[in-house]
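Every letter in the sequence shown is one number past the one before it in UniProt numbering, and letter 19, counting from 1, is 19.
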Amino acid sequence: MTTTTRPAVLPITRIPSSGLPAHALVVGDPARAALVAERLDDARRIGANREYVSYAGTWRGLPVVVSSHGVGGPGAVCLFGELAEAGVRTFVRLGTAGAMARGVHDGDLVIATGAVRDDGVTQQLVPAEFPASATPEVVLALQGAARAHGAPHHRGTVWTRAAFMPGVLELPMKPYQAAGVLAIEMELSALLVWAALGGHRAGGVLVVDGIAADDLVDESGASTYDPHRTVVAEGVERGVVVALDALYRLAEDEAADGA
1 MTTTTRPAVL PITRIPSSGL PAHALVVGDP ARAALVAERL DDARRIGANR EYVSYAGTWR
61 GLPVVVSSHG VGGPGAVCLF GELAEAGVRT FVRLGTAGAM ARGVHDGDLV IATGAVRDDG
121 VTQQLVPAEF PASATPEVVL ALQGAARAHG APHHRGTVWT RAAFMPGVLE LPMKPYQAAG
181 VLAIEMELSA LLVWAALGGH RAGGVLVVDG IAADDLVDES GASTYDPHRT VVAEGVERGV
241 VVALDALYRL AEDEAADGA
């Protein structure tokens, strides 16, 4: 009888192949993963390969993992899959986004209830009509944490788009603005669809780092996109605490429900 030995680490992310905490915070930037890890107790790096850098630690006594997935949905799905294989069941994405609606300001948090699927990867996983919806409990946990910390926030639909810069095709911004889409980013719908297919819980909170819609640019015509400003850094700091506290709230609810 032949037995298969499970590898010690997974091939894409180089994280341990089993035994990870059930709750994960996923981010695009490896430096942001390190920033989150600094807020954890007993943090240690558990894997690093390419854009994928992962840490494990505890937040208010809750074991958590934080991992970076780089830019774009296809690569991000690779991370999500290996995290799930290693034991993660609840995913919160903390990212940045460009504002598309009036009243959504730099440094504000946008808590996504769902996402427009323009991510470049889920079209190859499910039919176009399949929704990218955040798990309701995750949305409510993020909103509760944002309120508890006094973080300026908005709740609604975001647009996940694969292309960061426009090409010769016109960017269809106006229809989505008319439909009430709050912000644009690059990975969340991939997470939401992937999680739904695997029966995982998922949601996202995004820090506004500039204006994406031309009609919202100030009269000088100057774009405010600059992710390195103080107002953005402060928003990210709030987002880190909100996201981690949301994971803690979700774990508390699971314990109360006997999950």
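Just so you know, even glycine gets a beta-carbon here, dropped at the ideal spot from N, CA and C.
When ILE46, ALA163, ILE211 are compared against ASP108, the one with the closest alpha-carbon = ILE211
key: Limits of the unbroken beta strand (DSSP E) element including ARG161   = 153-161
ask   = From VAL208 to LEU182, what does the alpha carbon distance come to, in whole angstroms?
value = 10 Å
One or two residues paired with GLU137 in a DSSP bridge = Its beta-bridge partners do not exist; DSSP assigns none.
query = Taking Cβ positions, are SER18 and ALA86 nearer each other than 8 Å?
reply = yes
key: Complete alpha helix (DSSP H) runs within the stretch 46-88 (minimum length 4 residues, chain order)   = 73-86
Contact set for LEU244: own chain, Cβ-Cβ below 6 Å, skip 5 residues either direction = TRP59
request  = Quickly, what does DSSP pair PRO16 with across the bridge? List them, please.
outcome  = VAL9
ask   = For ASP106, which of helix, strand or coil comes out of DSSP?
value = coil
ask   = Mind checking PRO152: buried by the 16 CB within 10 Å criterion, or exposed?
value = exposed
key: Secondary structure of ARG147, DSSP reduced to three states   = helix
key: Contact between the stretch 90-106 and the stretch 13-32 (3+ Cβ pairs under 8 Å)   = yes
inquiry  = Using a Cβ distance threshold of 8 Å, determine whether the stretch 108-117 contacts the stretch 183-199, with at least three qualifying pairs required.
reply    = yes
request  = Could you name the residues that DSSP lists as bridge partners for THR25?
outcome  = Looking at the sequence shown, residue 25 is not Thr but Leu. Paired residues: VAL66, VAL92.
Same chain only: Cβ atoms within 6 Å of TYR176, ignoring 5 sequence neighbours per side = TRP159
request  = Using only alpha-carbon positions, find the residue among GLY204, GLU185, LEU197, ARG249 that is nearest to PRO227.
outcome  = GLU185
task = Can you tell me which of the three DSSP states ALA101 falls into?
result = coil
request  = Alpha carbon to alpha carbon, how far is VAL88 from THR230? Give it in angstroms, no decimals.
outcome  = 33 Å
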